[in-house]
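Since the structure comes first, as structure tokens, the remarks are kept for the end.
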Amino acid sequence: MPELPEVETIVRDLAATLPGAKIKAFKLLYAGAINVSLAQWRRRVVGQKIIKVWRRGKQLIFDLAGGEHIVIHLKMTGQLIWRHPSTSLRAGRKQKIIVGGHPIIGVGQSLPNKFTRAIFYFTDGSQLFFNDIRKFGWLKIAAADELAVSFGRLGQEPLSPQFTGKKLQELLDTKARSKIKTALLDQTKIAGIGNIYADEALWLSRIKPSRLVGQVRTKDWSALAKAIKQVLRLSIKHRGTSFSDYRDASGAKGNFIAKLKVYGRGGQSCPRCGRPLSKTKLAGRGTHWCNHCQK
DNA sequence: CACTTGACCTGTCCGC
DNA sequence: TGCGGACAGGTCAAGT
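Residue 241 in the numbering used here sits at position 240 of the first sequence, with consecutive numbering throughout.
Rendered as structure tokens:
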């Protein structure tokens, strides 16, 4: 599910509420959701204060006052939804719901639900729910050195100033015979692009997903880098794409689905040239493009 | 070595 | 209405 714009949206939401919060308790509903025993998890997490919320690629990180880090990957269907007994994360969307017999304010259905895999309880009464239908997502507790090793394997942040056409070419042009879409999805080269935004960025830059990296020219690299930044930024502005399960930290859907040009639109007309969009499988993923205006 | 497939899970949708 | 299969935002390991 969540690619960079969705994770960034959740990070911004949580960064507005979590820093300073102290974890009072932790409830685990699916044992596979964490990387250590529950006893060890609680030993390292409960009593800790969250001092910072940030993102690297598609992963969220809570920095803890004691120096360790909670790292979260939402994979396809993960959600992080924050609730407080008396306040709503986003003004204007308040809605009374009942949790455990106590009325709280939030958006959408009551929590926990049958897909809730873990719950953080904070000393101020607020709660953070980790929901995940498909159970691919995970929470990890990591020391600083483990975090550095794991993030060292991740590629360039596409929204960083260093991410230019030249840089993109340097990163991807090493395997001339691989397909450009496959290369864009390689998290060790670029961190954060997933299936939706790979298709969207390639459409924007008029490059066919199956084009070989070796056939991408200098001006294409520059257009592609620009398209990647453009689509990621625009999606963040619209709070991400809710194709099915993605929700922000208040439980609300993102709005970018209305702005998608090709993803999920196979058979419909190309917004640029009007011809029908193609859909096929590439790199094991559904791939959408316009066979007329993408070369 | 590079690329493809299967596996991990649960849900939805479509054709029969 | 039921059933089987394909497919879904991600990433690994195993197989070719």
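In this text, a Cβ means the ideal position worked out from N, Cα and C, and glycines have one as well.
query, result
"Whether residue 1 touches residue 182 by CB criterion (8 Å)", "Look at the range of the chain in this structure, 2 to 296, and you will see that residue 1 is not part of it."
"Inter-residue CB distance, residue 53 and residue 3 (contact presumed, cutoff 8 Å)", "With 8 Å as the limit, residue 53 and residue 3 do not qualify as a contact, their Cβ atoms being about 20 Å apart."
"The region 195 to 204 in contact with the region 231 to 246 per 3-pair CB rule at 8 Å", "yes"
"Between the CA atoms of residue 172 and residue 159 - distance to the nearest angstrom", "12 Å"
"Start-to-end residues for the alpha helix (DSSP H) that takes in residue 200", "196 to 205"
"Three-state secondary structure assigned by DSSP to residue 59", "coil"
"Distance between residue 179 and residue 210 (C-alpha atoms, nearest Å)", "11 Å"
"Same chain, Cβ closer than 6 Å to residue 7, five either side skipped, listed in chain order", "241, 247"
"Classification of residue 163 by the beta-carbon crowding that lies within 10 angstroms, buried from 16 upward", "exposed"
"Helix, strand or coil at residue 181 according to DSSP, with G and I counted as helix", "helix"
"For residue 263 and residue 287, the rounded distance between their alpha carbons", "11 Å"
"beta-carbon residue 225 near the ligand SAM non-hydrogen atom, thresh 7 Å", "Because no ligand of any kind appears in the structure shown, any question about the ligand SAM cannot be addressed here."
"Option in 147, 251, 274, 36 with minimal Cα separation from residue 80", "251"
"Supposed close pair residue 70, residue 143 - CB separation, criterion 8 Å", "5 Å"
"Reduced DSSP category for residue 228 - H, G, I as helix; E, B as strand; rest coil", "helix"
"Every unbroken beta strand (DSSP E) within the region 17 to 64, with a cutoff of 3 residues, ordered by chain", "24 to 29, 51 to 57"
"Contacts around residue 116, its chain only, beta-carbon distance under 7 Å, and the 5 residues preceding and following it disregarded", "132, 133, 134"
"Three-state secondary structure (DSSP) of residue 133", "strand"
"Residue 349, buried or exposed, once every other Cβ within 10 Å from all chains shown has been counted against 16", "Residue 349 is absent from the model: the chain starts at 2 and stops at 296."
"Cβ neighbours of residue 85 in the same chain (closer than 6 Å, five flanking residues each side left out)", "127"
"Span of the alpha helix (DSSP H) around residue 155", "Careful: residue 155 lies outside any alpha helix (DSSP H) and carries neither H nor E."
"Spatial distance of residue 289 from residue 25 (CA atoms)", "46 Å"
"Cβ neighbour criterion (16 or more within 10 Å) applied to residue 276", "exposed"
"Length of the line joining the Cα atoms of residue 249 and residue 294", "34 Å"
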